[in-house]
Amino acid sequence: MGNYNKILEGNTVLESERLMLRPFSLKDTKDVFLYAQDEVVTKYLTWSTHNSVEETQKTIEEFYMKKGVFAIELKAKQMCIGCIELRINEKHNKASFGYVLNRHYWNKGYMTEALQLLLDLSFTKLELNRIESTHYVGNEASGQVMKKCGMKYEGTGRQEVKIKGIYYDVVHYGILREEWIKGHLD
Ligand SMILES: CC(C)(COP(=O)(O)OP(=O)(O)OC[C@H]1O[C@@H](n2cnc3c(N)ncnc32)[C@H](O)[C@@H]1OP(=O)(O)O)[C@@H](O)C(=O)NCCC(=O)NCCS
Numbered sequence: 003m004g005n006y007n008k009i010l011e012g013n014t015v016l017e018s019e020r021l022m023l024r025p026f027s028l029k030d031t032k033d034v035f036l037y038a039q040d041e042v043v044t045k046y047l048t049w050s051t052h053n054s055v056e057e058t059q060k061t062i063e064e065f066y067m068k069k070g071v072f073a074i075e076l077k078a079k080q081m082c083i084g085c086i087e088l089r090i091n092e093k094h095n096k097a098s099f100g101y102v103l104n105r106h107y108w109n110k111g112y113m114t115e116a117l118q119l120l121l122d123l124s125f126t127k128l129e130l131n132r133i134e135s136t137h138y139v140g141n142e143a144s145g146q147v148m149k150k151c152g153m154k155y156e157g158t159g160r161q162e163v164k165i166k167g168i169y170y171d172v173v174h175y176g177i178l179r180e181e182w183i184k185g186h187l188d
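Position one of the sequence shown corresponds to residue 3 (my numbering), numbered consecutively onward.
Rendered as structure tokens:
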């Protein structure tokens, strides 16, 4: 995991026109609580809505800051509007990811912009071979983000998971390094 860790935990900052992907700090607690306490935001996530700022602070300390999760900062407001996490599988030289955004900022292309930065890091700096992810049927906006970033539909697992008491069909997407490079040649 050596090389990956060096890059992911080395305070890597990624920047696009509107966003900065950077490490979390406890200063982000208030901003994270805004989306973590929103039931619409967490509907299709494995974790439950946060009930207190203290719970959010603990999550930032014990998970976001330790696992190299990127805070998504909206540069114009200097505010953390969400997060995106790369989960590396070293054995297969691939990774999956997860993401979440404050509902107030949905449908403005922000997560597409963030995922493009993460794919660029994955295929250029980290030289991974494959990036994969899933979304549940019903959460089509997430699939749309993956499609807009060039990921391909790879199949649907029927009632593959049980989340908050509901079985969901799981839609699988993936992109290979060779496909990504081909799409970024010019
Ligand atoms: C999924 C999520 C990250 C998307 O972020 P976002 O910044 O709004 O995404 P973008 O604006 O880049 O793209 C959203 C796309 O989905 C489309 N969309 C939105 N609602 C949709 C729906 N119900 N059905 C189909 N498409 C939908 C938008 O029109 C847009 O596509 P377009 O640009 O082609 O018009 C955000 O909705 C979110 O945080 N959801 C809650 C957490 C979550 O579900 N995370 C993913 C778990 S797999």
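For every residue, glycine included, the Cβ atom is placed at its ideal position computed from N, Cα and C. Please read all numbers here as calculations on a predicted model, not as lab measurements.
Item to complete: Examine the Cβ distances between the region 120-131 and the region 74-91 and report whether three or more of them are shorter than 8 Å.
Response: yes
Fill in: Beta-bridge partners of residue 87, as assigned by DSSP
100
Worksheet item: Excluding sequence positions up to five away, which residues of its chain have a Cβ less than 8 Å from the Cβ of residue 55?
Response: 31, 32, 35
Discussion item. Using a Cβ distance threshold of 8 Å, determine whether the region 22-31 contacts the region 73-81, with at least three qualifying pairs required.
Written reply: yes
Fill in: Residues near residue 174 by beta carbon distance below 6 Å, same chain, minus five either side
136, 156, 157
Item to complete: Just mark residue 133 as buried or exposed, buried being the case when its beta carbon has 16 or more other beta carbons within 10 Å.
Response: buried
Worksheet item: When you compare each of 176, 83, 153, 39 to residue 51 by their alpha carbons, which one comes out closest?
Response: 39
Discussion item. How far does the alpha helix (DSSP H) with residue 187 in it extend, from its first residue to its last?
Written reply: It is not in any alpha helix (DSSP H) - residue 187 carries neither H nor E in the DSSP assignment.
Fill in: Three-state class that DSSP yields for residue 174 in the structure shown
Of the three classes helix, strand and coil, the one that applies to residue 174 here is strand, per DSSP.
Practice prompt. Less than 8 Å between the CB atoms is what I'm expecting for residue 138 and residue 172, so what's the real figure, rounded?
Written response: 6 Å
Worksheet item: Does the Cβ-Cβ distance between residue 115 and residue 18 come in under 7 Å?
Response: yes
Worksheet entry | Cβ neighbour criterion (16 or more within 10 Å) applied to residue 160 | exposed
Item to complete: Write down every uninterrupted run of the beta strand (DSSP E) in the region 6-30 whose length is 3 residues or greater and which is fully enclosed by it, in chain order.
Response: 21-25
Fill in: Beta-carbon spacing of residue 130, residue 184 below 7 Å
no
Fill in: Alpha-carbon spacing of residue 125 relative to residue 37, whole angstroms
30 Å
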